[in-house]
Amino acid sequence: MLAQQRQQAILERVRSSGGVRVADLVRELGVSDMTIRRDLEVLAERGLLEKVHGGATAAGPGSTEEPGFAAKSARQQPEKEAIARQAARLVRPGTAIALSAGTTTWTLAHFVTDVPELTVITNSVRIADVFHRSPRADRTVVLTGGVRTPSDALVGPVAVAAIRGLHVDTLFLGVHGMSSRAGFTTPNLLEAETDRELVASAHRLVVPADHTKWGTVGISTIARLSEAHVVISDPGLPQEAREEISAQAGELVIAEPEQDRQVAGR
31 MLAQQRQQAI
41 LERVRSSGGV
51 RVADLVRELG
61 VSDMTIRRDL
71 EVLAERGLLE
81 KVHGGATAAG
91 PGSTEEPGFA
101 AKSARQQPEK
111 EAIARQAARL
121 VRPGTAIALS
131 AGTTTWTLAH
141 FVTDVPELTV
151 ITNSVRIADV
161 FHRSPRADRT
171 VVLTGGVRTP
181 SDALVGPVAV
191 AAIRGLHVDT
201 LFLGVHGMSS
211 RAGFTTPNLL
221 EAETDRELVA
231 SAHRLVVPAD
241 HTKWGTVGIS
251 TIARLSEAHV
261 VISDPGLPQE
271 AREEISAQAG
281 ELVIAEPEQD
291 RQVAGR
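In this note's numbering, the protein residues as written are 31 to 296.
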């Protein structure tokens, strides 16, 4: 087997299982330990995997990698539903809210369709469609224009111009990642600019984000952790993250998926 074929086989194994051990590759491919380690070094230098002690794992997402809406919506569904239910409790009748694009905010939209006299500002076609499918005469929905991103956000100068000058009671901000150093981030520069305008328009900032967002850093910061009045996450959020968010944000709320399902079934 040529080196290129062997490295491709290694890469396919990593992508399918998430990681490999050197000892297993030596046995399966019938080559020396040194040969496998050299292959892993080559693949790591190309950014195709990450070397770890005794093997390798799949490369983490880059700061500009932006998964599509369908791919993201399939992840952490129970956690997102619990977070959305908790966030919906912060929505009061007769208020103006903004929902930025995202799968968690899209889930939240389903839980507030019955809130009376609600004004909704959004830069998400999918979120606007949720309200379109559940019409109310006493509800106003404002959909910004803009350029569509892979995650179905409408961004850019048109979206920014539509948002500028608006004032909402609460913004529910969907984020790609969050960290102590970078704050709340996105892999899309135009989306960051648009979301920053949404943050500026809001009296209260609520960030519904599942635990997998912690430690993920997109290329551009939307807001600092300290700018969030409420962060809603799930029990999978690491203790270190809980301490950091609690120290910087106004409030951290942990939404329990099992508890929420029991409440829903009553």
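All residues carry an ideal CB built from backbone N, CA and C; glycine is no exception.
Asked, Found
"When DSSP labels each residue in this structure, what does Met12 get in the three-state scheme?", "Past the edges of the chain, shown from 31 to 296, lies residue 12, and the structure says nothing about it."
"Check whether the region 162 to 172 and the region 199 to 213 touch, using three or more Cβ-Cβ pairs below 8 Å as the test.", "no"
"Quick check: Ala232 and Leu282, are their CB atoms within less than 7 Å of each other?", "no"
"On the DSSP letters alone, give me the boundaries of the alpha helix (DSSP H) that Leu220 sits inside.", "219 to 231"
"Under the rule that 16 or more other beta-carbon atoms within 10 Å means buried, what is Arg115, buried or exposed?", "buried"
"Whole angstroms is fine: what's the gap from Arg291's alpha carbon to Val50's?", "Annotation note: pLDDT 44 at Arg291 (below 50); position unreliable, no value reported."
"Measure the alpha-carbon distance for Val52 versus Leu220 and round it to whole angstroms.", "42 Å"
"Which whole runs of the beta strand (DSSP E) in the region 176 to 210 are 3 residues long or more, in chain order?", "198 to 202, 207 to 209"
"With a 10 Å radius around its C-beta and 16 neighbouring C-beta atoms as the bar for buried, classify Gln37 as buried or exposed.", "buried"
"Is the region 181 to 192 touching the region 149 to 163 in the sense that three or more CB pairs, one from each, lie closer than 8 Å?", "yes"
"Report back the beta-carbon spacing between Gly204 and Ser130 to the nearest angstrom; my notes put them in contact at under 8 Å.", "5 Å"
"Am I right that Pro238 and Leu138 are in contact with their C-beta atoms under 8 Å? What's the rounded C-beta distance?", "6 Å"
"Am I right that Ala285 and Ile262 are in contact with their C-beta atoms under 8 Å? What's the rounded C-beta distance?", "6 Å"
"Assign Ala128 to one of three DSSP states: helix, strand, or coil.", "strand"
"Does the distance from the CB of Val150 to the CB of Val121 come in under 7 Å?", "no"
"Alpha carbons only, please: which of Glu111, Ala126, Glu147, Arg194 is nearest the one belonging to His140?", "Glu111"
"Note down the Cα distance separating Val142 from Gly195, rounded to an integer number of angstroms.", "25 Å"
"For the region 101 to 171, list the alpha helix (DSSP H) runs that are entirely contained and at least 4 residues long, ordered along the chain.", "107 to 118, 133 to 141, 155 to 163"
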